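Undergrad: Residue numbers (the UniProt record's numbering): 1 to 333. Note that CB positions come from ideal geometry on N, CA and C, so glycine has one too. From a predicted model like this one, the values you see are computed outputs, not experimental measurements.
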Amino acid sequence: MPDVILVTGGRGLVGNAIRHVLDTEPPNTRYGRRDGETWVFVGSRDADLRDAAATKALFEKYKPTHVVHLAALVGGLFMNMKYKLSMLRDNIHINDNVLHTSYTTGVQKLVSCLSTCVFPDGITPPLREDKIHLGPPHDSNFGYAHAKRLVDIANRAYKEEFGCNFTAAIPTNIYGPHDNYDLEDSHVIPGLIHKCYLAKKNNTPFVVAGSGKPLRQFVFSRDLAKMFIWQLREYNDVEPIIFSVGEDDDVSIRYVAEQIVKAFDFKGETKFDTSKSDGQYRKPASNEKLLRLVRETSKDNEQFKFTPFEQGLKESVDWFIANYDQARVGKRA
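1. If you check the beta carbons only, do D152 and P136 fall under 8 Å apart?
2. Which stretch, first to last residue, makes up the alpha helix (DSSP H) that contains T55?
3. Apart from the five residues just before and just after E37, which ones in its own chain have a Cβ nearer than 7 Å to its Cβ?
4. Taking only three categories from DSSP, how would you classify K305?
5. Smallest Cα separation from K56: which of P177, V68, T101, K213?
6. Using a Cβ-Cβ cutoff of less than 8 Å, which residues in the same chain neighbour R332 once the five nearest sequence positions on both sides are dropped?
7. Excluding the five sequence neighbours on either side, which residues of its own chain have a C-beta within less than 7 Å of the C-beta of A199, listed in chain order?
8. Report back the beta-carbon spacing between L88 and H146 to the nearest angstrom; my notes put them in contact at under 8 Å.
9. Relative to the alpha-carbon of L290, which residue among A263, I170, K262 has its alpha-carbon at the smallest distance?
10. For F272, which residues does DSSP report across the bridge?
11. Less than 6 Å between C-beta atoms, sequence neighbours within five positions excluded: which residues of the same chain meet that for N173?
12. Considering only C-alpha positions, which residue in the set E310, I18, N95 is nearest to Y158?
13. Is DSSP giving F243 helix, strand or coil here?
14. Comparing alpha-carbon positions, which option in V188, D249, L99, Y31 lies nearest C113?
15. List the endpoints of the continuous alpha helix (DSSP H) containing F142.
16. Quick one: measure Cβ to Cβ for Y235 and T167, integer angstroms, because I've assumed they're closer than 8 Å.
17. State the start and end residues of the unbroken alpha helix (DSSP H) segment that holds S221.
18. Please report the Cβ distance between residue 416 and K213, rounded to the nearest whole angstrom; I am assuming they are in contact, meaning their Cβ atoms lie under 8 Å.
19. Would the segment 239-257 count as touching the segment 219-230 if we require 3 or more Cβ pairs under 8 Å?
20. If T8 and L49 are in contact, beta carbons under 8 Å, what's the gap, nearest whole angstrom?
21. Should Q108 be counted as a contact of the ligand GDP given a C-beta to heavy atom distance under 7 Å?
22. For a minimum of 3 consecutive residues, which ranges assigned as the beta strand (DSSP E) are wholly contained in the segment 171-217?
23. From this set, K262, A257, S86, A285, which residue's C-alpha is nearest D273's C-alpha?
24. Determine which residues share a DSSP beta bridge with K109 and list them.
25. When burial is assigned at 16 or more other CB atoms within 10 Å of the CB, is G15 buried or exposed?
26. Note the first and the last residue of the continuous beta strand (DSSP E) segment covering I5.
27. With DSSP run on the structure shown, which of helix, strand or coil describes E129?
28. Tell whether a beta-carbon distance below 8 Å holds between A52 and N97.
29. Could you tell me the distance, in whole angstroms, from the CA atom of F59 to the CA atom of D278?
30. Pop quiz: R282 and D248 are said to be a contact at Cβ under 8 Å. What is the actual Cβ separation, rounded to whole angstroms?
31. So the candidates are E302, G143, N287; which of them puts its Cα closest to the Cα of L127?
32. Considering only C-alpha positions, which residue in the set N203, A209, C164, R156 is nearest to D185?
33. What is the residue span of the beta strand (DSSP E) that E37 lies within?
Take a look at the structure:
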């Protein structure tokens, strides 16, 4: 019987990246499609995972042996600040339904997606996997952060009580093709890409929320996809793993804006709206564990190679321009 790998949230940023990697890497390699595997990518139109009965029906339809759980109610800083209760409740329901249905249907392996917002506010840097529960998260996103933290707690409880092989990844800021480019509710890079696109189209200033000073680690979605494929196939510990570029590879929001301007060849004015919140200034995360384990589990001491930020951002902008009519942009200006 083949392995059936169900990817929830499979039509979003990371789900599309996983599909891309599987289809472009050579077959039967570390990251390519393998004989004996069937991958199923589902989205919100297939089932409302907040509903237990709908989740059960989805699992009964596809009978997955493995699950990559990416589905979530997600948004950028301002959405997290505005809808704290919705982010908490919807994500708790989604995660509980997916994890419990995975247990009741005998799923062999489950990998969930967390976020670095699960880490405590003010924790001594760098962020490491053993620091998740040392204090409360930043107030700006505590609803979403606590819902995601509970996945790690549930994974450990399912393992201790039932022996389930459940684990999680903790990506830093993700960017790439197929993102959510809504001007109000998106993350920083897709939001800025959409704003610059409209500024060039309408000959208006490109306005960046905040001072541009905060530093962030950005990981290209297709690099992240390889990490998820590796984790699903080769990692069997309940302890989560940070998926990120190195802690010294963070860049400022100002630099991100400059690279977006360059990618669009935008000749207009760029403004920074300092009346808007910056959020946390810096929260560097260590990828030491990830790089060590990827190397140790390879056949030839293979090092993981990240896509240079400028290259990944240019690919992301080019994809957005080519696919604007189909992209998730919210209300079209």
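TA: Result, derived from the coordinates:
1. Result no, Cβ atoms of D152 and P136 do not sit closer than 8 Å.
2. T55 -> alpha helix (DSSP H) spans 52-62.
3. Only P2, D3, I5 meet the Cβ criterion.
4. K305: coil per DSSP, three-state reduction.
5. Among P177, V68, T101, K213, the Cα nearest to that of K56 belongs to T101.
6. The pLDDT assigned to R332 is 47, lower than 50, so where the model puts this residue is not dependable; a value taken from the coordinates is nonetheless given after this. In its chain, beyond the 5 residues on either side, no residue has a beta carbon closer than 8 Å to the beta carbon of R332.
7. Taking C-beta separations shorter than 7 Å and ignoring five residues to either side along the sequence, the partners of A199 in its chain run P205, F206, F266, G268, following chain order.
8. Contact holds; Cβ gap of about 6 Å.
9. Distance check between L290 and each of A263, I170, K262 places I170 closest, using alpha-carbon atoms only.
10. Per DSSP, V208.
11. Once the five neighbours on either side are set aside, the close Cβ partners of N173 are R216, F218.
12. Nearest option by C-alpha distance: N95.
13. The three-state secondary structure of F243, taken from DSSP, is strand.
14. Of all alpha-carbon atoms in V188, D249, L99, Y31, the one lying nearest the alpha-carbon of C113 is that of L99.
15. For F142, the enclosing alpha helix (DSSP H) has its first and last residue at 142-162.
16. Indeed they touch by this definition, with Cβ atoms about 7 Å apart.
17. Segment 221-234, the alpha helix (DSSP H) holding S221.
18. As shown, the chain starts at 1 and ends at 333. That puts residue 416 outside it, with no answer to give.
19. Output reads yes: the segment 219-230 touches the segment 239-257.
20. About 6 Å; that satisfies the 8 Å criterion.
21. Looking for the ligand GDP in the displayed structure turns up nothing, as the structure carries no ligands at all.
22. You should have 173-175, 206-209.
23. Distance check between D273 and each of K262, A257, S86, A285 places A257 closest, using alpha-carbon atoms only.
24. When DSSP reads this structure, K109 sits in a beta bridge with H66.
25. The residue in question, G15, is buried, as its Cβ has 16 or more Cβ neighbours within 10 Å.
26. I5 -> beta strand (DSSP E) spans 3-8.
27. Residue state, collapsed to three classes: helix.
28. Yes. Within cutoff.
29. Taking C-alpha positions only, F59 is separated from D278 by approximately 41 Å.
30. The distance from the Cβ of R282 to that of D248 is about 11 Å, inconsistent with a contact at the 8 Å cut-off.
31. The residue with the shortest Cα to Cα distance from L127 is N287.
32. Minimum Cα distance to D185 is reached at A209.
33. Looking at the DSSP string, the run of the beta strand (DSSP E) that includes E37 is 37-41.
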